[in-house]
Amino acid sequence: MFSIIIPIYNVSKYLPDCLDSIVNQTYKGNLEVFLVNDGSTDDSGEIAQQYEKKYPHIFKYLVKENGGLSDARNFAIPYVHNDYVFFIDSDDYIQPNTLETIANVINNYSPDLIIFDYIKQWEDKGILDKILEGNSRLITNKEYLLANPAAWNKIIKTTILKENKILYPKGLWYEDRATTGQYINFCKKIYYVSEGFYTYRQRDNSIMKQNSYNPKMLDICQAMKMFDRQVDDHEYKSEKEYLFISNLLFQNSLRLLPLKKNKEMKECYDILEKKYPNWKQNVYYQKQSKGYKILCLLISKRLYFISRILIKYKMKGA
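Written out as structure tokens, the structure reads:
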């Protein structure tokens, strides 16, 4: 039933936790797991091979030259034989009942796509992040678009990926935002499971924790342009508009303004302003907190210094 793809690059510290979480699944059905060594220079490859040797009925070890997360995911897709694909990052792990619960959902509802909550894990604590309100249920495309776009909290039919030649953009940061939105074009039934199956480690080298500027931070602009081309303007106008606000304005400000990248912030904002000049009337934006809206308005008026003070204040209180 399930094929899992795990790109591996220099994660020897975390990889055993990830692979053990798969070995310890309560699900006992058909399962294949592709361990894609993306040119690791540490002991990750050796660890992966040890698991393949110990559990040959589960793990398949693949090797390729380093090409990044997207390239490693794409590399493994042609090898997949089972009905559903699950992408897991090699420094994360899943709960023991994940696959068994999802298998029951598939047997009862036959969805094309399943999405679920996740846990943000720090060194000393974990916090459940609910991607949608309410209980487990079939959801609309609009609900799906507004949920977390990550590849790793989704399980999708293999035929949808292969027949529609859906691949992740090589070398692009925010590759999930550029890819998973288009799933609505091909999925007739999407099921949300209100359980935190996936544990997402909060590591110091994550994009949101960068202490210095990297030009790749602006990849969000390209990712949003790709998303824009994939999702219909008319049917999903309000949802798309809000995601432009959220990604290019609000979330981007948390990355760029503390680094005093005013010019880059303006470039991203201009994309939003050009496509959605009336964004302040967006129904989803209007539902956000007072602080959220104040920050967005300050940036729209290029009051970057005050915006930085607000961001610093909010981060101290977080």
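Numbering of the sequence shown is given in the UniProt record's numbering, commencing with residue 1 and proceeding in unit increments.
Every residue, glycine too, gets a C-beta built ideally from N, C-alpha and C.
Q. Are the beta-carbon atoms belonging to Asp112 and Lys130 less than 8 Å from one another?
A. Counting from 1 along the sequence shown, the entry for residue 112 is found at position 112. Counting from 1 along the sequence shown, the entry for residue 130 is found at position 130. Contact: no.
Q.
Between the alpha carbons of Lys33 and Gln288, how many angstroms are there, rounded?
A. On the sequence shown, residue 33 is found 33 positions in, with the first residue counted as 1. On the sequence shown, residue 288 is found 288 positions in, with the first residue counted as 1. Note that residue 33 is Val in the sequence shown here, rather than Lys. Each residue's alpha carbon lies about 40 Å from the other.
Q: Using a Cβ cut-off of 8 Å (strictly closer), state whether Pro215 contacts chain B.
A: In the structure shown, chain B does not exist; there is a single protein chain.
(Q) Along the chain, where does the alpha helix (DSSP H) containing Ile271 start, and where does it finish? (A) Taking the first residue of the sequence shown as 1, we reach residue 271 at position 271. Taken as a continuous stretch (DSSP letters only), the alpha helix (DSSP H) holding Ile271 covers Asn262 to Lys275.
Q | Gln121 - partner residues in DSSP beta bridges | A | Position 121 of the sequence shown, counted from the start, is the residue given in the question as residue 121. DSSP output for Gln121 lists Gly126 and Arg201 as bridge partner(s).
Q) Hey, Asp91 and Arg203: beta-carbon distance below 8 Å or not? A) Stepping through the sequence shown from its first residue, residue 91 is reached at position 91. Stepping through the sequence shown from its first residue, residue 203 is reached at position 203. Result yes, Cβ atoms of Asp91 and Arg203 sit closer than 8 Å.
(Q) What would DSSP say about Gly45, mapped onto helix, strand or coil? (A) Residue numbering aside, residue 45 sits at position 45 when the sequence shown is read from its first letter. It is helical.
Q: Measure the Cβ-Cβ separation of Glu195 and Thr101 and say whether it is below 8 Å.
A: Within the sequence shown, numbered from 1, the residue matching residue 195 stands at position 195. Within the sequence shown, numbered from 1, the residue matching residue 101 stands at position 101. Yes, the pair counts as a contact, with Cβ atoms nearer than the cut-off.
Q. Are Leu272 and Leu248 touching if we call contact CB-CB under 8 Å?
A. If you number the sequence shown from 1, residue 272 lands on position 272. If you number the sequence shown from 1, residue 248 lands on position 248. Cβ atoms of Leu272 and Leu248: closer than 8 Å.
Q) Should Asp124 go down as buried or exposed, given a rule of 16 or more other Cβ atoms within 10 Å for buried? A) In the sequence shown, residue 124 corresponds to position 124, counting from 1. It is exposed - the Cβ of Asp124 has fewer than 16 other Cβ atoms within 10 Å.
Q. So what does Arg137 bridge to, in DSSP terms?
A. Counting from one through the sequence shown, the residue named residue 137 turns up at place 137. Tyr192, per the DSSP bridge assignment.
Q. Do you know offhand how far Glu241's Cα is from Glu264's?
A. Translated into the one-based positions of the sequence shown, residue 241 becomes position 241. Translated into the one-based positions of the sequence shown, residue 264 becomes position 264. One Cα belongs to Glu241, the other to Glu264, and the distance between them is close to 20 Å.
Q) Is Asn82 closer than 8 Å to Leu62 when the C-beta atoms are compared? A) Here residue 62 corresponds to residue number 62 of the sequence shown, with the count starting at 1. Here residue 82 corresponds to residue number 82 of the sequence shown, with the count starting at 1. No, they are not a contact pair.
Q: For Val33, write down the residues that DSSP places opposite it in a beta bridge.
A: As a first step, residue 33 must be located in the sequence shown, where it is residue number 33. Ile4 and Phe59, per the DSSP bridge assignment.
Q) How would you call Arg229, buried or exposed, if buried means at least 16 neighbouring beta carbons within 10 angstroms? A) The sequence position of residue 229 within the sequence shown is 229, counting from 1. When all chains shown are included, Arg229 counts as exposed.
Q. Measuring CA to CA, which of Pro7, Ala76 and Pro96 is closest to Asp20?
A. As a first step, residue 20 must be located in the sequence shown, where it is residue number 20. Here the closest residue by C-alpha is Pro96.
Q. Along the chain, where does the beta strand (DSSP E) that runs through Ile131 open and close?
A. The residue given as residue 131 occupies position 131 in the sequence shown. Element bounds for Ile131: n/a, residue is neither H nor E.
Q: In angstroms with no decimal places, state the Cα-to-Cα distance between Gly317 and Leu31.
A: Taking the first residue of the sequence shown as position 1, residue 317 is located at position 317. Taking the first residue of the sequence shown as position 1, residue 31 is located at position 31. Here Gly317 scores only 46 on pLDDT, less than 50, and its place in the model should not be relied on; the value that follows carries that caveat. Answer to the nearest angstrom: the Cα atoms are 44 Å apart.
Q: Return the Cβ separation of Ser253 and Ile309 in integer angstroms, given the expectation that the two are a contact with Cβ distance under 8 Å.
A: Here the question's residue 253 lines up with position 253 in the sequence shown. Here the question's residue 309 lines up with position 309 in the sequence shown. In fact, because the Cβ distance is near 12 Å, the residues do not count as touching under 8 Å.
Q | One or two residues paired with Lys312 in a DSSP bridge | A | To locate residue 312, count along the sequence shown from 1; it is residue 312. Answer is none; Lys312 lacks a bridge partner.
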